[in-house]
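Just below is one structure, and these are the notes that go with it.
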Amino acid sequence: MVSGQSGLGRPCAERQLPRLGRQAVRQRSAIGMSAATLTPTILLLGKSGQVGWELQRSLSVLGQVVALDRHSSDYCGDLSDLAGLQATVRALRPQVIVNAAAHTAVDKAESEPELARLINALAPQALAQAANEIGAWLVHYSTDYVFDGSGDQPWQEADATGPLNTYGRSKLEGEQLIAQACARHLIFRTSWVYAARGGNFAKTMLRLAKERERLSVIDDQRGAPTGAELIADVTAHAVRQVLRTGSGYGLYHLAAAGETSWHGYASQVVEIARRLQPGLELKVQAIDPVPTSAFPTPARRPHNSRLDTTRLQQTFGLTLPPWQQGIERLLAEIL
Numbered sequence: 001m002v003s004g005q006s007g008l009g010r011p012c013a014e015r016q017l018p019r020l021g022r023q024a025v026r027q028r029s030a031i032g033m034s035a036a037t038l039t040p041t042i043l044l045l046g047k048s049g050q051v052g053w054e055l056q057r058s059l060s061v062l063g064q065v066v067a068l069d070r071h072s073s074d075y076c077g078d079l080s081d082l083a084g085l086q087a088t089v090r091a092l093r094p095q096v097i098v099n100a101a102a103h104t105a106v107d108k109a110e111s112e113p114e115l116a117r118l119i120n121a122l123a124p125q126a127l128a129q130a131a132n133e134i135g136a137w138l139v140h141y142s143t144d145y146v147f148d149g150s151g152d153q154p155w156q157e158a159d160a161t162g163p164l165n166t167y168g169r170s171k172l173e174g175e176q177l178i179a180q181a182c183a184r185h186l187i188f189r190t191s192w193v194y195a196a197r198g199g200n201f202a203k204t205m206l207r208l209a210k211e212r213e214r215l216s217v218i219d220d221q222r223g224a225p226t227g228a229e230l231i232a233d234v235t236a237h238a239v240r241q242v243l244r245t246g247s248g249y250g251l252y253h254l255a256a257a258g259e260t261s262w263h264g265y266a267s268q269v270v271e272i273a274r275r276l277q278p279g280l281e282l283k284v285q286a287i288d289p290v291p292t293s294a295f296p297t298p299a300r301r302p303h304n305s306r307l308d309t310t311r312l313q314q315t316f317g318l319t320l321p322p323w324q325q326g327i328e329r330l331l332a333e334i335l
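UniProt numbering numbers the first residue of the sequence shown as 1 and each following residue consecutively.
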């Protein structure tokens, strides 16, 4: 889910978009006007990230998916090029835009706040404006980091925000700009996202457990590890429903059921790994709980990342699985 400056030699806006024939233009215009009778076109941004990779699978059953990332050449998928993004939307005229790209390097954002704001706030605003022009739905992902982490109760959508770091502030501004620019939006706040693809906390813990007899893991931050696979499946379900009913727009919390700390998460990873593979050689004998202060970072982290998902479950008729189930699936895949 990470996007940044394009590695291409020239901005997306300066690239020549593919010329569409008259028939194709008429078809794509019709898609925007008649969802009930035609297969929708879905524009997916951030296809190479953890969530974007899973979305390519989950959204494919709903319609034609045009999946882009910042290296795409036919159409602009670089969130640092606002004009290029809007040109892509106007050329494709999708019925649904799903933005799974973001600047997610939390500590790095502290030293590059302008880039974080461009990718996490101004780019979503540009997409929302373009979506509103053509009557499309915009799906976007936000974070538990919009809250200050106080208390010990799960956060609800209407609770007061108070981000502690640059990343959280940029994501909160993105939410606000989308809501102002495009009524047809779905914003999902998620927490502690992981996937089998790429690096993740579970893989790191397994590696360290093979190397060390004793580990120290933070125990005063609480949340729910949430798989990219679950996020993608819920997204597809929600998109299908809003296309059918035309209602349900707004802000939702999306996280696996239950809660744990990073220490509890690490302990569960080791326990499940040993159960799934009894012969697995792990040196670790103890996992010690430590406070956040034991690992200073440039960006402050919230202590309470619990998210109340009641609104999501009631609106879309869902029951979210416990976080342990997702971790077991992950480990079964990577071990």
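For every residue, glycine included, the Cβ atom is placed at its ideal position computed from N, Cα and C.
Residue environment, E54, which counts as buried when at least 16 other CB atoms sit within 10 Å: Counting from one through the sequence shown, the residue named residue 54 turns up at place 54. So E54 counts as buried.
Per-residue DSSP class, three states only, for Q64: Start at 1 with the first residue of the sequence shown, and residue 64 comes out as number 64. Correct three-state label for Q64: strand.
I119 versus G174 - alpha carbon distance: Numbered from its first residue, the sequence shown carries residue 119 at position 119. Numbered from its first residue, the sequence shown carries residue 174 at position 174. For the pair I119 and G174, the Cα-to-Cα distance works out to about 9 Å.
Helix, strand or coil at S34 [DSSP, three-state]: Taking the sequence shown and counting its residues from 1, the one referred to as residue 34 is at position 34. With a pLDDT of 39 at S34, under the threshold of 50, the predicted position of this residue should be treated as unreliable, though the coordinate-derived value follows. Coil, per DSSP.
Contact between the region 211 to 226 and the region 156 to 164 (3+ Cβ pairs under 8 Å): Between the region 211 to 226 and the region 156 to 164 there are fewer than three C-beta pairs closer than 8 Å, too few to call the two in contact.
Of the listed residues W155, I327, E112, C182, nearest to E133 (C-alpha basis): Numbered from its first residue, the sequence shown carries residue 133 at position 133. Nearest in C-alpha terms to E133, of all of W155, I327, E112, C182, is C182.
G264 versus A202 - alpha carbon distance: As a first step, residue 264 is located in the sequence shown; it is residue number 264 there, counting from the start. As a first step, residue 202 is located in the sequence shown; it is residue number 202 there, counting from the start. Spanning the alpha carbons of G264 and A202 requires a straight line of approximately 12 Å.
A238 to Q285 span [Cα, whole Å]: Within the sequence shown, numbered from 1, the residue matching residue 238 stands at position 238. Within the sequence shown, numbered from 1, the residue matching residue 285 stands at position 285. Distance between the alpha carbons of A238 and Q285 is about 43 Å.
C-beta contact flag for K283 and A179 at 8 Å: Here the question's residue 283 lines up with position 283 in the sequence shown. Here the question's residue 179 lines up with position 179 in the sequence shown. With contacts defined by Cβ atoms closer than 8 Å, K283 and A179 do not form a contacting pair.
Three-way DSSP call (helix, strand, coil) for H249 in this model: The count along the sequence shown starts at 1 and reaches residue 249 at position 249. Before going on, a small fix: residue 249 reads as Tyr here, not His. If DSSP states are grouped into helix, strand and coil, Y249 belongs with coil.
Beta-carbon proximity check, G77 vs L45, cutoff 8 Å: In the sequence shown, the residue the question calls residue 77 occupies position 77. In the sequence shown, the residue the question calls residue 45 occupies position 45. Going by beta carbons, G77 and L45 fall inside the 8 Å limit.
Inter-stretch contact (C-beta, 8 Å, three-pair minimum) for the region 101 to 121 and the region 269 to 281: The answer is no - the region 269 to 281 does not touch the region 101 to 121, with fewer than three Cβ pairs under 8 Å.
Neighbourhood of V89 by C-beta, 6 Å cutoff - its chain only, sequence neighbours within 5 removed: Here residue 89 corresponds to residue number 89 of the sequence shown, with the count starting at 1. Closer than 6 Å at the Cβ level, and outside the excluded window around V89, lie A130.
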